[in-house]
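Student: One structure, pasted below without further comment.
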Ligand code: SIN
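Numbering (the working numbering), first residue to last: 965 to 1270.
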């Protein structure tokens, strides 16, 4: 079975890899990903300076996923530039993820990663857990950031985006096309979610009055809808990572039908650990074989209609 795929021209050995944000902050964690069946090493979204993140409890497992308000705990981008050279020996594509608060931050970090050993640069505009607005919902600021980073080097860069309702899809697709974005990661956790414990009468996480990003099964249909909508608008010109509630080969297959070029696993990686990548890939291969397909490429985007 040929499960190879490409994101912005970078070849991945399989369809399944880790998502930024889970067990990918330290070199030890990144090496565990490197040694797993994840087809690339995606690093934690980093900021200009190291951050401790939001007060705890800031992550809560739920029956059908999780809610989190981590607040970007990370070691600062300079560490991840160094990590990229230390991870190179594993011969797997390395993906940096950067999260700034203004265009200058993004320019500084993207510039540094353009000169590093990473293969792709994910520009995270969708962290829902910081004070102020989610950048990707402000199209003027998104345009300003894209203008600041688009001429910094040859490594492809992409955007990690939040879910959008349909009224914004065309506008976002136009921004992506105008600024030479090579890939998009859809979707980040769904911000401003609130889980309340009726016994304690309190939210289950502490930061920001209990508001956080919802992850896991709860968000899979919304992720699939966004992948499909942008796949139809961008017509294979921009690669798509699907993220959101992928815990089995069946989930991965659904994202493949919707048009994702590869999928990233977050909540299930947190729950199961690094063995999840090989398991999901094996389950995906079993489904493809049972249906008589010999490659993921034969299926990509081929959602059938009723
Ligand atoms: C976080 O660290 O708050 C999560 C990162 C993200 O949502 O992009």
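We treat Cβ as the ideally placed atom computed from N, Cα and C, and that holds for glycine. The structure presented is a predicted model; accordingly, all values stated were derived computationally and were not measured.
Drop a sphere of 10 angstroms on the beta-carbon of residue 1086, count the other beta-carbons inside from all chains shown, and report buried for 16 or more, exposed for fewer.
Tutor: Label assigned to residue 1086: buried.
Student: For the ligand SIN, is there any heavy atom lying closer than 6 Å to the beta carbon of residue 985?
Tutor: Answer for residue 985: yes, Cβ within range of the ligand SIN.
Student: Quick check on DSSP: helix, strand or coil for residue 1127?
Tutor: In the structure shown, residue 1127 sits in coil (DSSP, three-state: anything other than H, G, I, E or B).
Student: Pop quiz: residue 1202 and residue 1150 are said to be a contact at Cβ under 8 Å. What is the actual Cβ separation, rounded to whole angstroms?
Tutor: Actually they are not in contact, since the Cβ atoms of residue 1202 and residue 1150 sit about 11 Å apart, beyond 8 Å.
Student: By the 10 Å Cβ neighbour count, where 16 or more other Cβ atoms means buried, how is residue 1014 classified, buried or exposed?
Tutor: Label assigned to residue 1014: exposed.
Student: What residues in its chain sit with their C-beta under 6 Å from that of residue 1168, if we drop five residues either side in the sequence?
Tutor: Correct list, in chain order: 1024, 1159 and 1161.
Student: Where does the unbroken alpha helix (DSSP H) through residue 1106 begin, and where does it stop?
Tutor: Start and end: 1103 to 1113.
Student: I'd like to know whether the C-beta atoms of residue 1244 and residue 980 end up nearer to each other than 7 Å.
Tutor: Taking 7 Å as the Cβ cut-off, residue 1244 and residue 980 qualify as a contacting pair.
Student: Does residue 1182 pass the burial test, meaning 16 or more other C-beta atoms within 10 Å, or should it be called exposed?
Tutor: With 16 or more Cβ atoms within 10 Å of its Cβ, residue 1182 is classed as buried.
Student: Threshold first: 3 residues or longer. Then list the beta strand (DSSP E) segments lying entirely within the segment 1028 to 1076, N to C.
Tutor: Fully enclosed beta strand (DSSP E) runs of 3 or longer: 1029 to 1032 and 1058 to 1062.
Student: Please state whether the Cβ-Cβ distance between residue 1197 and residue 1137 is less than 7 Å.
Tutor: Yes, the pair counts as a contact, with Cβ atoms nearer than the cut-off.
Student: In chain order, which continuous runs of the alpha helix (DSSP H) of length 4 or greater are located wholly inside the segment 1217 to 1244?
Tutor: Those alpha helix (DSSP H) runs which fall completely within the segment 1217 to 1244 and span 4+ residues are 1231 to 1236.
Student: The beta strand (DSSP E) with residue 997 in it runs from where to where?
Tutor: Taken as a continuous stretch (DSSP letters only), residue 997 belongs to no beta strand (DSSP E), being part of the alpha helix (DSSP H) at 991 to 999.
Student: Using C-beta distances below 6 Å, list every residue in its chain close to residue 1012, excluding the 5 sequence neighbours before and after it, in chain order.
Tutor: Taken in chain order, the residues that qualify are 1069.
Student: Assuming residue 1263 contacts residue 1223 under a Cβ cut-off of 8 Å, what Cβ separation, rounded to an integer in Å, is found between them?
Tutor: So it is not a contact: roughly 10 Å between Cβ atoms.
Student: Considering only residues of the same chain and omitting the five flanking positions on each side of residue 991, which have a CB-CB separation below 6 Å?
Tutor: Answer for residue 991: 1047, listed in chain order.
Student: Taking 6 Å as the cut-off, is the CB of residue 1064 close to at least one heavy atom of the ligand SIN?
Tutor: No, the beta carbon of residue 1064 sits no closer than 6 Å to any heavy atom of the ligand SIN.
Student: For residue 1031 and residue 1209, which I take to be in contact (beta-carbon distance under 8 Å), what is that distance rounded to the nearest angstrom?
Tutor: Actually they do not touch by this definition, with Cβ atoms about 13 Å apart.
Student: Residue 1170: which of 1033, 978, 1106 and 1200 sits nearest, CA to CA?
Tutor: The option with the nearest alpha carbon to residue 1170 is 1033.
Student: Pick helix, strand or coil for residue 1173, following the three-state DSSP scheme.
Tutor: Looking at residue 1173 - three-state DSSP - the assignment turns out to be helix.
Student: For residue 1214, count the other beta carbons within 10 Å of its own beta carbon; 16 or more makes it buried, fewer makes it exposed. Which is it?
Tutor: Residue 1214 should be labelled exposed.
Student: Whole beta strand (DSSP E) runs in the segment 1140 to 1164 with 3 or more residues, listed along the chain?
Tutor: Segments of the beta strand (DSSP E) lying fully in the segment 1140 to 1164: 1147 to 1150 and 1154 to 1158.
Student: Between residue 993 and the rest of its own chain, which residues show a CB-CB distance below 6 Å, the 5 nearest in sequence each way excluded?
Tutor: Excluding positions up to five away in sequence, the list reads 987.
Student: Which residues in the same chain have their Cβ closer than 8 Å to the Cβ of residue 1094, if we skip the five residues on either side of it in sequence?
Tutor: The answer, listed in chain order, is 1035, 1036 and 1065.
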